[in-house]
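Worksheet for the structure shown next.
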Amino acid sequence: MAKRKIDWDENKLKKWIQEGRGQGEGKDYKPWLTVQDFPSKGRVTRVFGWKTKRIHHFFTDSEARYFYLLEWEDDVLDIREHYPLFDCEEVMQNKAGLNFNLFKDKDTGTPYILSTSFLITLKKPNDKIVYVARSLKADYELERKTALERLEIERRYWQSQNIDWGIVTQKEIPVVKAKNIEWIHSSLYPSDERGLTDEEVDYYCNAFIDKLEGSNTSIRNFTVQFDRLFNLDTGTGIYIFKRLIALKKIMVDMNKKIDLNNSTRSIEIINPSLTERVRVL
1 MAKRKIDWDE NKLKKWIQEG RGQGEGKDYK PWLTVQDFPS KGRVTRVFGW
51 KTKRIHHFFT DSEARYFYLL EWEDDVLDIR EHYPLFDCEE VMQNKAGLNF
101 NLFKDKDTGT PYILSTSFLI TLKKPNDKIV YVARSLKADY ELERKTALER
151 LEIERRYWQS QNIDWGIVTQ KEIPVVKAKN IEWIHSSLYP SDERGLTDEE
201 VDYYCNAFID KLEGSNTSIR NFTVQFDRLF NLDTGTGIYI FKRLIALKKI
251 MVDMNKKIDL NNSTRSIEII NPSLTERVRV L
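Just so we're aligned, residue 1 is where the sequence shown starts under the UniProt record's numbering, counting upward by one.
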């Protein structure tokens with residue numbers, strides 16, 4: 001679908017709200033903004049989420065990479081991107097010095113609905129559910145007056161909601177780790193997309209781990225041998241390797257680019273109770 005410029009007025013606002021944008025949780029959430037709405041200066045991405053079982057929309061590589069880090073984090077229950085700040089002026093307790101006129105359509109005078117990059121639902125060790133909000137910005141944007149004005153509005157909005165808010169720039173995102181998670185991400189999509197049943201995938205995952213113990217060859221060679229041993233389509237062994245990492249049943253150094261030429265001895269079989277937790281918030 002061709003991207004287009006948004007003509008913003010009260011009718012468009014009402015239409016989007018009626019569509020359910022910015023409402024719901026989990027698989028039922030609809031982001032306030034989608035990649036079809038308007039052009040992006042960066043590379044847009046749509047990703048099917050592990051946690052939400054829905055398509056997520058991102059306008060920059062940084063947004064997508066931060067999303068992958070959130071997908072990897074065990075404590076994250078829900079990820080809502082482009083979360084709208086409805087009734088912003090009414091909700092905020094302190095509006096002193098803010099210029100809301102900067103965020104109105106020049107032709108219609110209709111206020112834009114500002115949004116925060118991510119509203120994240122976390123489950124703490126005591127099973128307490130908390131929310132945190134994060135705004136993704138390129139570092140150069142922090143030198144722009146309008147961007148800073150917008151961020152201050154976001155800060156005060158979330159402060160009024162008693163929700164932790166912060167800014168994340170591209171410099172704070174471990175790119176290699178995010179790309180590793182991206183590389184394994186599709187392995188947790190429904191297995192029938194590869195012509196396998198869930199039972200078959202579980203069997204091959206267990207077989208992979210059994211054969212892995214005591215192995216001393218390259219990961220690439222191991223997966224090729226695995227495909228031959230079980231008469232599988234070429235690449236199935238790599239798929240199983242990715243899936244086991246995604247399920248955290250085996251561990252590789254996620255801070256280094258995953259290299260199939262590395263030895264199988266670099267792979268650690270994980271005790272589920274000892275799964276590493278990665279903090280990105």
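Heads up, the beta-carbon is just placed ideally off N, CA and C, and yes, glycines get one too.
- According to DSSP, residue pairing for E182 in a beta bridge does not occur.
- Taking the CA atoms as reference points, W50 sits about 23 Å from N126.
- Assignment of alpha helix (DSSP H) within the stretch 60-125, counting only whole runs of 4 or more residues, yields 61-72 and 88-91 in chain order.
- The beta carbon of E19 lies closer than 8 Å to those of K30 in the same chain, with the five residues before and after it left out.
- Measuring C-alpha to C-alpha distances from S191 to each of L119, I250, K242 and Q161 identifies K242 as the nearest.
- Each residue's CA atom was taken as its position, placing T236 and T217 some 18 Å apart.
- Note that the C-beta distance between W32 and P111 is not below 8 Å.
- Of the residues assessed, G22 falls on the buried side of the cut-off, its CB having 16 or more other CB atoms within 10 angstroms.
- Cβ neighbours of E182 within its own chain (closer than 8 Å, five residues either side excluded): A64, R65 and Y68.
- Around the beta carbon of L229, a 10 Å sphere encloses fewer than 16 other beta carbons of the protein chains shown; the residue is thus reported as exposed.
- Comparing C-alpha distances from Q159 to each of L260, V91, M251 and R54 shows the shortest one belongs to V91.
- According to the DSSP assignment, L136 belongs to no alpha helix (DSSP H) but to the beta strand (DSSP E) extending over I129 to L136.
- Boundaries around I55 are those of the beta strand (DSSP E), I55 to F58, since no alpha helix (DSSP H) includes it.
- For the 8 Å CB-CB criterion, I167 and L188 do not form a contact.
- Boundaries for F48: no alpha helix (DSSP H) harbours it, while the beta strand (DSSP E) harbouring it runs T45 to F48, taken from the DSSP string.
- Here the alpha carbon of V47 sits roughly 15 Å from the alpha carbon of A246.
- Under a 10 Å Cβ-count criterion, A133 is classified as buried, with 16 or more other Cβ atoms of the shown protein chains found around its own Cβ.
- Rounded to the nearest angstrom, the Cβ distance from N206 to K257 is 27 Å, too far for a contact under 8 Å.
- Spatial neighbours of R80 in its own chain (CB-CB distance under 6 Å, excluding positions within 5 residues in sequence) are listed in chain order as Y29 and L119.
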